[in-house]
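Some notes on the structure that comes next.
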Amino acid sequence: MAVTYQSSDTREGTRRFREAGTLYGRDAELRLLAEVTSRGLAGAGGALLVRGEAGIGKTALLGAAREAAVGRGCRALSAVGVQSEASIPFAGLHQLLRPVLDRASALIPRQRLALSAAFGMAEGVAPEMFSVGLASLELISGLADDSPVILVIDDVQWIDRPSGEVLAFIANRLGAERVVMVLALREGHDTVLNDAGLPELPLAKLDDDAATALLAARAPELGEAARDRVLAEAAGNPLALVELPAALSGDGVRQVRTPWLPTTRRLERTFLPRVSGLPDPTRSILLIAAADDQSDLTEIFSAVELLDGTAPSVDVLEPAVEAGLIELDGREVRFRHPVIRSAIYRAALPSRRLAAHAALARALTHSQERRAWHRAAASPGPDDGVALDLEAAALRALDRGAPRAAAETLRRAAMLSDPGGNRGRLLLRAAEIDFDLGDAVAARRQLAEAKSSRLEEGERLRLTLWMEALNEESWYTPQRVRVFADVADRLAGADSDGATLALRALWPLSVGCWYGDPTQETRDLVVRTARRLQRSDADPMVLSIAACADPVKEAARVIRKVSRIAPEFTGDPAEQHALGASLTAIWAFDLSWPFLCASVDGLRRQGRLGLLGEALASQAWAAIHLGKHRLAATAADEAGRLSRDTGRSRWALVADLATATLAGERGDHDTANELIRRTEAELLSVGAQSILGFAQFARGRCALVSNQHGDAFEQLARVLDPSDIAYHPFVGYLGIADLIEAATLTGRHDEAEHHLARLDALAERTTSPYLQAMAAYARPLVADDDTAEPLYQRALHTRLKSWPFHRARLLLAYGRWLRRRRRLIESRAPLRAAMESFDALGIRAFGEDARAELRAAGEAVTRSTPDTLDRLTPQELQIARLAASGLTNREIGARLFLSHRTVGFHLYRIFPKLGITSRAQLRLADLGGEQL
C-alpha cells in the first residue's frame, strides 16, 4: 500500500494514536494506521490486515487504533475470535453487530430477514451468505451516516468461516464509506481472509533499541544479567518483554529457558505461575471462561456451579483481576490477552477440560448449536447422542445460510458416530454439500471415509453415484459412463428424488465434455443417460446436459425444443442459468439471452453471488455476439468482481477476456493486450488450457480491428488446430467469420474457402442462427467479383438483421467493395450506415475505418466525438441506468451488492461526467438504447 503522511488529518490521527498509549518501536505502523483511519473519516474507507506471531503487538495496535478513532468521533464495533466458537456460523459477525442490531429495522425487508435468519432469530428460507454480507454492509453504512465507524476484529484466525466470508465481502466494499476495518491475524493460520486481497501490515520483532526501552519502562528493577536474559529470550517479542520478568523467579527461570518451544507456548508458560497461585474457585471460573465462546458472567457462573457444585460470587474473580489475567467490563469477563486464554485452557488436566465443556453444555439450555459443540468437546470418544445433536446443529447451519459450516459439523458428527451406525450417512450428506459448493477435494475425502461405513441400499447407490461423478481421472471413457448410467438408473428407481440427484451430478460432467475432447461414444452415452432420467419431454436440465455433452449432434434438437419454451417454464434461476449457458455452448446466443437475463435477475434476488458471477460471464459473451456491447461491458465488469469475491477465479478470467475483446473493439489495444497477456498467464499457471481458446478469440478480434490481418488469421487459426495448446473446436467457431475475413484480406483464398465450407456444414447441421448468419456474412467476402454483390445484399437483408455488429461490419465491407470499383455514390449509403451503427454500438475502431472509407468516397465527415457514455465506467453506467429507471440508492445497492452510500458516491461522480446536476435530469439523459 502506498502511504503518504502529509495531511493535517493524518498528523492529527498520529497524535491521537500516540495519546492512546506508548507503543515502542511502532512509529511507522502507527502512521499507517493513522493514514487508513484518516481516509476513512474522509469517506474513503478501507481495511487493513495486521499479521504477526503471538505477542508481537497486534492486539495493542488494534487497541490504539480503536481508542484513537473513538477520540476523533468514530463509533467503534469490536469482535474477538475465540477458538471454541469457530464452528458456530455467524458467531463472530453477531458479536460485532450485536450492539447495533436494533438499527436493523431500517434495512429493506429482504436484508433484515437475511440477517435475522443468519443469527438464528427468524425461520424461513436459508439466506445466501452474500445476502447476509450485503445486509451487514448496509447496516454498518447506515451507522456511518451518523458518524464514522471503525471495525476492530482481533484473532481473526478463530472467527467462524461464514463470518470471515462476510467480513471479506464488507472489507472489499468500503472504498466510498466512512468505515475502517482493522483485523489482526496470527501468523501461520489459514483463513478465508488470507485470500481476500486486503492490504497487509506485517509486524516484525522490535529492534534492539525499542526492546531495551520497553523492558526498561516495564521492569526498571531488573539487574543487568536478568535484563540481558530477558532480551535474549524475548527476541523482540513485546508481550514476552512485558511478561518474562515476572516469570524470572523459582521454576519460572527454567520454564522460559526452553528454546525449542514455539513463541506461543513459551508465552503461555510465563502466565502459569500466576494462575497456579490462585484459589481453586478462581481457577474454575478462569477455565470455564477460557472454554466458553462467550464472555457473559451469568453464563460462566452457571457453568461453574454445575462444575464444582458451588455458586460463585464476583469476589472470587478479584485475585485474577489483581494478577493481570482478566478484566471485568460490566457483566463480561475479558482476558487481557488471547495468549492468557490459551495458557489457562492448555494447562488444565484433560479430564478437567472435558468436565468444563460438559458443564457449559448443561448450562446452555437456550442455544442448541453451542450446546451441541460443547457436548462434542466434552466427549472422550464416539457418542451417537452427541453426534445426533451435531447433526441437528448442521441442519440449523443450513437454515442460517452457512453450508460450509454445516458440512464441517456433519463431518465432526460422523467422527463421533459408530461406523456401524450413522457415520456413513453423515459423511455422505457432508460430501453432497461439498459437491454443491464446488469443493470436489473435500467431497472425495468424505466419500472415501463413508465407503467403509454402514449405509442403507439407497445411500450406497448415492455414494457410488457421487464417487463416479467425481472420478475425474477416468471419467471420459465409455466404461465409466456406463457405470455411472447403471447407478443413476438404479437410484432413479429406488428413490423418488433419485433422477433429480443423478441429473445434478451429470450436469457438471457434461460441461466437462464441452471443454474436453471425449470420444463420440462417450458423448452419446452421456446424452442417453440424461434422457432416461428426464422428468418431462422438455426437461431443462436434460436439454442443458445434451447441449454441452454433444454440441454438434444435439444442437438442432435442443434449439427446436427450447424455441418452444419461455424462461418462466422453470422458475429455478440455477436451471435457467444452466440452460442459458448451454445454449451459448451450441452458438444459440439469441435463444440463450432471455434465459440468461432471467437467471441473472433471479440469482440477484436470491443473493447467490457465485452462480451470479458465472451467469453474468455467460451473459457478457452472449451480448458480445449479439451486438449488445455496452451491456456486455457492464456484465463482464460485474462478473469479474463477483467471481473474485466468491473465489471463482476461472470465471473471473473468462469475464476478463470478454472485457479484453470489448477493449480491442474500442481501439484500446494496450488495455486489451495487457488483459489478454495477464489472463493467459493465469490460465496456464492453473492448468486451464481449455479456456485458452477465448484468449485467442480476443487476441484475433483485437488484431482484426487493428487491421493486422495476418496476425488475426494466425491467432484465430490456432483455436481450430488440433495440435495447438489453444485448440477448442467449439470456441473456434465463435471467431470463424473473423478467420475467414482475415484469410481473404491476406490472400489466403484456399484457406478461406476451406473454413467457409466447414462453417456451412456446421450451420446446416446445428440450425444455429448465429452460425447461419456468420456463413451469410462470410460468403460475399470469399466470392469473386461477379457473384459477390447479390451475396452482400442477401446477407444484409436477411440473416444479419438480428446481428447488428456483423451487419455493420458487412456494410463496411460492402461499401469498401463498391468504392474500390469506383461506384462512389453507391458506396456512401452502406458506409454511412456502418459508421452510424459502429458509433451507436460504441465500437470506435471500426467506426474510424468507416469514416476513412466515407471520406475516400467523397463525403465530408466530421471527426468522431467521444460518446458521453464512454466517460462512464461499466459500473457507473449500470448505476446510472438503474437510477434513471427510478430505483432508490438502497434499491440499487441491493441489486448490485453495494451499500447505499457507495451508490451515492458513484452518482456524485456520474452527474458531472454527463453534464447534469440532478437525478431528474438523469432520467432524461441518453444512456444507450440497449435493453435486456
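To get our numbering, take the position in the sequence shown, counting from 1, and add 699.
A virtual CB, placed ideally from N, CA and C, is assigned to each residue, including glycine.
Keep in mind it's a predicted model, so treat the numbers as computed, not measured.
Buried or exposed by the 16-neighbour rule on C-beta atoms within 10 Å, applied to residue i
i, result
"Arg-1304", "exposed"
"Pro-808", "exposed"
"Leu-1534", "With the sequence shown as reference, residue 1534 is identified as Met, and Leu is not the correct amino acid for it. It counts as buried."
"Gln-1219", "exposed"
"Pro-1079", "exposed"
"Tyr-723", "buried"
"Gly-1614", "exposed"
"Glu-920", "exposed"
"Asp-1135", "exposed"
"Thr-1358", "buried"
"His-1453", "exposed"
"Val-941", "buried"
"Gln-1414", "buried"
"Leu-1458", "buried"
Distance between residue j and residue i (C-alpha atoms, nearest Å)
i, j, result
"Ala-990", "Glu-1107", "20 Å"
"Gly-863", "Pro-788", "10 Å"
"Leu-1382", "Ile-1424", "12 Å"
"Leu-994", "Leu-795", "The amino acid occupying residue 994 in the given sequence is Ser; Leu does not appear at that position. Cα to Cα, the separation comes out at about 14 Å."
"Ala-1559", "Ser-1526", "14 Å"
"Ser-1501", "Ala-764", "59 Å"
"Phe-1604", "Ser-777", "26 Å"
"Leu-1571", "Ala-1544", "18 Å"
"Val-974", "Glu-728", "33 Å"
"Leu-884", "Gln-856", "6 Å"
"Thr-1601", "Gly-832", "15 Å"
"Ser-707", "Asp-844", "Because Ser-707 carries a pLDDT of 45, less than 50, the predicted location of this residue cannot be relied on, and no value is offered for it."
"Arg-1519", "Glu-1450", "24 Å"
"Leu-748", "Asn-936", "19 Å"
"Val-1020", "Leu-1027", "8 Å"
"Phe-829", "Glu-1590", "16 Å"
"Leu-986", "Tyr-1044", "6 Å"
"Arg-917", "Asp-907", "15 Å"
"Ala-1556", "Gly-742", "55 Å"
"Ser-1373", "Thr-1360", "Going by the sequence as given, residue 1373 is Glu instead of Ser. If I take the Cα positions, the gap works out to 11 Å."
"Ile-984", "Ser-840", "38 Å"
"Ala-1441", "Arg-1307", "41 Å"
"Asp-1088", "Thr-1345", "31 Å"
Rounded distance between the beta-carbons of residue j and residue i, thought under 8 Å
i, j, result
"Val-1241", "Leu-1202", "7 Å"
"Leu-905", "Val-929", "About 13 Å; that fails the 8 Å criterion."
"Thr-1221", "Pro-1177", "5 Å"
"Gly-762", "Pro-901", "In fact, because the Cβ distance is near 19 Å, the residues do not count as touching under 8 Å."
"Ala-1397", "Leu-1356", "5 Å"
"His-1324", "Leu-1540", "Contact doesn't hold; Cβ gap of about 13 Å is too wide."
"Ile-849", "Thr-758", "With 8 Å as the limit, Ile-849 and Thr-758 do not qualify as a contact, their Cβ atoms being about 15 Å apart."
"Leu-1341", "Leu-1311", "6 Å"
"Ala-1187", "Leu-1115", "Their Cβ separation, rounded to whole angstroms, is 32 Å, which puts Ala-1187 and Leu-1115 out of contact at 8 Å."
Option in the options with minimal Cα separation from residue i
i, options, result
"Arg-1259", "Glu-1267, Asp-1236, Asp-1271", "Asp-1236"
"Ala-1331", "Ala-1086, Leu-1581, Arg-1340, Gln-1318", "Gln-1318"
"Arg-1051", "Ala-1076, Ala-1062, His-1036, Pro-1037", "Ala-1076"
"Asp-1538", "Ala-803, Ala-1416, Gly-1366, Leu-873", "Gly-1366"
"Met-820", "Arg-1099, Gly-874, Val-1003, Leu-1290", "Arg-1099"
"Leu-1063", "Trp-1206, Ala-1022, Val-1003", "Val-1003"
"Gln-1395", "Ser-1384, Phe-1412, Asn-1406", "Phe-1412"
"Asp-1437", "Glu-1090, Ala-1046, Ala-1474, Leu-1461", "Ala-1474"
"Leu-1169", "Arg-1144, Asp-1485, Glu-1158, Glu-1156", "Arg-1144"
"Asp-1007", "Arg-982, Thr-997, Pro-1018, Gly-874", "Arg-982"
"Leu-1444", "Ala-1456, Ala-1460, Tyr-1426, Val-1404", "Val-1404"
"Leu-1352", "Asp-1369, Ala-1316, Ala-1322, Gly-1363", "Ala-1316"
Chain D contact for residue i (CB, 7 Å cutoff)
i, result
"Leu-1224", "Going by chain labels, chain D is absent from the structure shown, which holds only one protein chain."
In chain order, each alpha helix (DSSP H) run of at least 4 residues that lies wholly inside the segment 739–795:
Segments of the alpha helix (DSSP H) lying fully in the segment 739–795: 757–770.
Can you check the segment 899–937 for any alpha helix (DSSP H) of at least 4 residues that lies completely inside it and give the ranges in chain order?
Here the runs fully enclosed are 907–917, 923–933.
Which parts of the segment 1005–1042 are runs of the beta strand (DSSP E), unbroken and 3 residues or longer, counting only runs that do not cross its ends?
Here the runs fully enclosed are 1025–1028, 1031–1034.
Which ranges does the alpha helix (DSSP H) cover as unbroken runs of at least 4 residues, wholly within the segment 1063–1116, from first to last along the chain?
Runs of the alpha helix (DSSP H) inside the segment 1063–1116: 1067–1077, 1083–1098, 1102–1114.
If we require 4 or more residues per run, which alpha helix (DSSP H) segments fall completely within the segment 797–855?
Runs found: 808–817, 828–843.
Report the start-end ranges of each alpha helix (DSSP H) in the segment 1511–1544 that is 4 residues or longer and not cut off at the edges.
Runs of the alpha helix (DSSP H) inside the segment 1511–1544: 1523–1540.
Ordered list of alpha helix (DSSP H) runs contained in the segment 1452–1520, each at least 4 residues:
Complete alpha helix (DSSP H) runs here, min 4: 1468–1481, 1484–1496, 1503–1519.
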